[in-house]
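Visitor: If you scroll down you'll find the structure; I have some questions about it.
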Amino acid sequence: MPEKIYRVDVCIVGAGPAGMILGILLAQQGIKVLVLESHYNFEREYRGEVLMPRFIQMMRQIGLLSHLERYPHLKLKHFQFYYKDKVWASLDFTSICPQAPFALWMSQTIMLYALYEKALMYPNFQLLFGVTVRDVIKEGGEIIGVSGTRRGDNVEVRCRVTVGSDGRFSAVRKAAEFKMEYEDYDFDVVWFTVKRDEHFENTVRALFTPRRIYLVLPKYPDLVQCGIIVGRGEFLQMRKQEIAAMRAELLEAHPMLHDFARQLMDFNPFSVLQARVSYVAHWAKEGCLLIGDAAHTCSPAGAIGVAVATATAIIAADVLIKGFKRNDLSLTTLNKVQMLRGPEVQHIQAMQAWFTRAAFLKYPHLRTLALLSLFVLSRTGIMQNFLRRIAVMDQPLPIDPSISLGPHHPT
Ligand SMILES: Cc1cc2nc3c(=O)[nH]c(=O)nc-3n(C[C@H](O)[C@H](O)[C@H](O)COP(=O)(O)OP(=O)(O)OC[C@H]3O[C@@H](n4cnc5c(N)ncnc54)[C@H](O)[C@@H]3O)c2cc1C
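Anchor point for the sequence shown: position 62 equals 61 in numbering that gives the first Met the number 0, and the numbering is continuous, going up by one each time.
Have a look at this one:
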């Protein structure tokens with residue numbers, strides 16, 4: 000028997016960006032929401048820290064941008080491609096998106112605390128930290144809630160709609176037996192952080208070397224976050240070698256990494272992101288909906304995972320709010336989320352696949368050619384156009400302006 004049974008309108012599993020934003024939008028419309036989060040806080044590293052203009056546009060549309068801008072962040076205005084230590088191509092966010100001419104660097108910990116602070120303004124919002132959801136509760140073929148544990152105690156939630164926003168390894172997806180349409184995993188990004196040089200500009204950089212591609216991003220307040228793109232599972236092989244091999248590679252890569260490389264004693268400073276791309280065939284079942292990374296995971300190419308996950312959460316909020324008003328939370332209603340979001344998600348995933356597989360990874364000997372192509376494309380405007388399609392939202396999300404938290408702003 001569970002120690003405690005909660006009864007709410009909507010139970011959201013996972014307090015990532017998608018779950019938090021859905022929770023806020025529902026609670027401010029008077030819908031009783033309970034968010035369950037397995038961790039005890041929002042502390043997390045290297046997750047969703049660069050937020051492209053499309054995220055800024057949608058936060059403005061739902062009236063959350065000015066709230067988020069009160070918290071520590073950096074505005075990144077340029078994107079540069081380097082070959083060794085020379086700039087080969089440079090793009091300005093103003094030319095890509097004049098309405099939101101920057102990418103935002105904000106740690107996910109800070110962003111989630113900012114969202115939580117906003118959420119606490121709404122009495123219908125509740126978040127329970129430390130609850131790990133393990134199963135869904137079914138009745139007559141319909142999902143009517145979830146069960147999990149908290150500090151060894153059993154917890155149960157009964158609700159009208161269960162939302163799985165528990166990320167790329169979703170427990171709700173598994174327990175409710177959702178099927179994947181596809182799941183690919185081509186490469187890893189190995190992250191680490193170095194001290195920032197006083198001349199370092201707030202620029203997003205892709206650094207090409209004959210051996211690899213590195214990503215170099217400013218990190219608040221005075222650090223630089225670096226990512227090494229390696230083949231799938233390659234980092235496991237790298238770890239089997241002496242740390243000296245890694246040190247030598249970083250010393251060769253760029254002078255900015257020299258201090259870090261010289262002080263490197265072991266592999267502890269590195270954190271690996273698996274570049275998984277996935278898409279669930281049907282995002283809804285009776286009483287249950289998947290959103291965010293639980294429904295569709297994007298590749299890290301373009302740093303738009305948070306924006307894509309959040310867009311689905313906002314559309315889900317609109318669909319559910321209308322469903323509650325009409326008292327229609329049927330499967331047909333829940334399916335509207337995928338109808339509205341699925342095509343764009345798949346289009347973005349296809350563009351990312353083109354970028355990562357063809358240009359860089361599957362054919363490493365073509366890397367120099369890819370670099371030359373980037374150089375030419377960035378001078379013809381094709382590159383701007385391509386980046387615009389990844390980083391910028393063409394049109395506002397198709398939602399009722401009344402679900403916004405502030406006055407409606409065009410994007
Ligand atoms: C290392 C890394 C770097 C990234 N960098 C970027 C970037 O720079 N820019 C960008 O836009 N995107 C980036 N992404 C992608 C981005 O983080 C995700 O796309 C985004 O966080 C997805 O949001 P979400 O809310 O759907 O899921 P998540 O953020 O994954 O949140 C899921 C939540 O569910 C919780 N949870 C999981 N299982 C359970 C359970 N059983 N019970 C209860 N709670 C559970 C988790 O603890 C987590 O809080 C990165 C991802 C990773 C892993």
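The beta-carbon is built from N, C-alpha and C at its ideal position, and this holds for glycine as well.
#1: How many angstroms separate the CA atom of V171 from the CA atom of D165?
#2: Taking only heavy atoms of ligand 1 into account, decide whether any of them is closer than 8 Å to the Cβ of A113.
#3: My output table needs one value for S146: the three-state DSSP class, helix, strand or coil.
#4: Taking 7 Å as the limit between beta carbons, can you name the residues of its chain near Q273, skipping five residues before and five after?
#5: Say whether chain C places a C-beta atom closer than 9 Å to the C-beta of D258.
#6: Tell me the residue span of the beta strand (DSSP E) that contains P217.
#7: Taking 6 Å as the limit between beta carbons, can you name the residues of its chain near L222, skipping five residues before and five after?
#8: How long is the line joining the alpha carbons of A283 and D134, rounded to whole angstroms?
#9: Whose CA, out of L339, I11, I303 and R325, lies closest to the CA of Q56?
#10: Could you check if E42 belongs to the surroundings of ligand 1, using beta carbon to heavy atom distance under 8 Å?
#11: Consider the C-beta atom of C297 and the heavy atoms of ligand 1; say whether any pair is separated by less than 8 Å.
#12: Among the candidates R157, F259 and M58, whose CA atom is the shortest distance from the CA of P16?
#13: Going by DSSP, which residues form a beta bridge with Y278?
#14: Per the DSSP calculation, W190 is bridged to which residue(s)?
#15: Say whether the stretch 110 to 118 touches the stretch 226 to 242, bearing in mind that this needs 3 or more beta-carbon pairs closer than 8 Å, one atom from each stretch.
#16: By the 10 Å Cβ neighbour count, where 16 or more other Cβ atoms means buried, how is S106 classified, buried or exposed?
#17: Assign H198 to buried or exposed, taking buried as 16 or more other Cβ atoms, counted over all protein chains shown, within 10 Å of its Cβ.
#18: I need the DSSP call for I11, collapsed to helix, strand or coil.
#19: Does the Cβ of T161 have 16 or more other Cβ atoms within 10 Å, making it buried, or fewer, making it exposed?
#20: For G405, count the other beta carbons within 10 Å of its own beta carbon; 16 or more makes it buried, fewer makes it exposed. Which is it?
#21: Pick from G129, L67 and V7: whose alpha carbon is nearest that of L35?
#22: Any chance you could list the alpha helix (DSSP H) runs of at least 4 consecutive residues sitting entirely within the stretch 128 to 174, in chain order?
#23: Roughly how many angstroms separate the alpha carbons of L90 and S146, rounded to a whole number?
#24: Give me, in chain order, the residues of the same chain whose beta-carbon lies closer than 8 Å to that of A315; leave out the 5 immediate sequence neighbours on both sides.
#25: For M350 and G18, I'd like the C-alpha separation in whole angstroms.
#26: Please state the DSSP three-state secondary structure of E36.
#27: Just checking, does the stretch 295 to 311 make contact with the stretch 257 to 269 on the three C-beta pairs under 8 Å criterion?
#28: What separation, rounded to the nearest whole angstrom, lies between the Cα atoms of K83 and S401?
#29: Residues in the same chain with beta-carbon distance under 6 Å from H408, minus the five sequence neighbours each way, listed in chain order, please.
#30: Can you tell me the Cα-Cα spacing of F92 and M51, whole angstroms?
#31: Along the beta strand (DSSP E) that carries F80, what are the first and last residues, could you check?
#32: If you measure from the CB of G18, is any heavy atom of ligand 1 nearer than 8 Å?
#33: May I ask you to report which of helix, strand or coil DSSP gives F41?
#34: Taking DSSP's pairing of strands, which residues face S89 in a bridge?
#35: Below 9 Å between beta carbons: does that hold for L25 and V9?
Guide: A quick look at the data gives this:
#1: In the sequence shown, counting from the first residue as 1, residue 171 sits at position 172. In the sequence shown, counting from the first residue as 1, residue 165 sits at position 166. Approximately 7 Å, taken between the alpha carbons.
#2: Mapped onto the sequence shown, residue 113 falls at position 114. Answer for A113: no, Cβ out of range of ligand 1.
#3: Here residue 146 corresponds to residue number 147 of the sequence shown, with the count starting at 1. Reduced to three states, the DSSP call for S146 is strand.
#4: Locating residue 273 in the sequence shown gives position 274, counting from the first residue. Contacts found: Y184 and D187.
#5: Absent from the structure: chain C. Only one protein chain is present.
#6: Residue 217 sits at position 218 when you count from the first residue of the sequence shown. Residues I212 to K218.
#7: Your numbering for residue 222 matches position 223 in the sequence shown. T192 and R195, listed in sequence order.
#8: Here the question's residue 283 lines up with position 284 in the sequence shown. Here the question's residue 134 lines up with position 135 in the sequence shown. If I take the Cα positions, the gap works out to 16 Å.
#9: Here residue 56 is taken as the residue at index 57 of the sequence shown, counted from 1. When each option's Cα is compared against that of Q56, the closest is I303.
#10: Against the sequence shown, residue 42 aligns to sequence position 43. Flag unset: Cβ of E42 not near ligand 1.
#11: In the sequence shown, the residue the question calls residue 297 occupies position 298. Because some heavy atom of ligand 1 lies under 8 Å away, the Cβ of C297 counts as near it: yes.
#12: For the purposes of this step, residue 16 is taken as residue 17 along the sequence shown, with counting starting at 1. Of R157, F259 and M58, the residue nearest in Cα terms is M58.
#13: Here residue 278 refers to the residue found at position 279 of the sequence shown. Y181 and H295.
#14: Here residue 190 corresponds to residue number 191 of the sequence shown, with the count starting at 1. The partner list for W190 (beta bridge, DSSP) reads G226 and S270.
#15: no
#16: For this step, residue 106 is matched to residue 107 along the sequence shown. Buried is the call here.
#17: On the sequence shown, position 199 is the one that residue 198 refers to. Counting Cβ neighbours within 10 Å, H198 comes out exposed, since fewer than 16 surround it.
#18: One-based indexing of the sequence shown puts residue 11 at position 12. Correct three-state label for I11: strand.
#19: Residue numbering aside, residue 161 sits at position 162 when the sequence shown is read from its first letter. Buried, because 16 or more other Cβ atoms sit within 10 Å of the Cβ of T161.
#20: Counted from its first residue, the sequence shown places residue 405 at position 406. By the Cβ neighbour-count rule, G405 is exposed, with fewer than 16 other Cβ atoms within 10 Å of its own.
#21: Within the sequence shown, numbered from 1, the residue matching residue 35 stands at position 36. Of the candidates G129, L67 and V7, the one whose C-alpha sits nearest the C-alpha of L35 is G129.
#22: 170 to 174
#23: For the purposes of this step, residue 90 is taken as residue 91 along the sequence shown, with counting starting at 1. For the purposes of this step, residue 146 is taken as residue 147 along the sequence shown, with counting starting at 1. Distance between the alpha carbons of L90 and S146 is about 49 Å.
#24: Counted from its first residue, the sequence shown places residue 315 at position 316. The beta carbon of A315 sits closer than 8 Å to those of L21, V162, L288, I290 and V336, all from its chain and outside the five residues before and after it, given in chain order.
#25: Numbered from 1 along the sequence shown, position 351 holds the residue referred to as residue 350. Numbered from 1 along the sequence shown, position 19 holds the residue referred to as residue 18. In a straight line, the C-alpha of M350 is about 26 Å away from that of G18.
#26: As a first step, residue 36 is located in the sequence shown; it is residue number 37 there, counting from the start. Strand.
#27: Here the stretch 295 to 311 does not lie against the stretch 257 to 269, with fewer than 3 beta-carbon pairs under 8 Å apart.
#28: On the sequence shown, residue 83 is found 84 positions in, with the first residue counted as 1. On the sequence shown, residue 401 is found 402 positions in, with the first residue counted as 1. Distance between the alpha carbons of K83 and S401 is about 50 Å.
#29: Translated into the one-based positions of the sequence shown, residue 408 becomes position 409. With a pLDDT of only 44 at H408, under the threshold of 50, the placement of this residue in the model should not be trusted, and no figure is reported.
#30: For this step, residue 92 is matched to residue 93 along the sequence shown. For this step, residue 51 is matched to residue 52 along the sequence shown. Answer to the nearest angstrom: the Cα atoms are 9 Å apart.
#31: Taking the first residue of the sequence shown as position 1, residue 80 is located at position 81. That run of the beta strand (DSSP E) goes H77 to Y82.
#32: For the purposes of this step, residue 18 is taken as the residue at position 19 of the sequence shown. Yes; taking the cut-off as 8 Å, the Cβ of G18 has a heavy atom of ligand 1 nearer than that.
#33: As a working mapping, residue 41 is identified with position 42 in the sequence shown. In this structure, F41 counts as coil in the three-state DSSP scheme.
#34: Taking the sequence shown and counting its residues from 1, one reaches residue 89 at position 90. Partner(s): Q79.
#35: Reading the sequence shown from its first residue, position 26 is the one you call residue 25. Reading the sequence shown from its first residue, position 10 is the one you call residue 9. Yes, Cβ-Cβ distance for L25 and V9 is below 9 Å.
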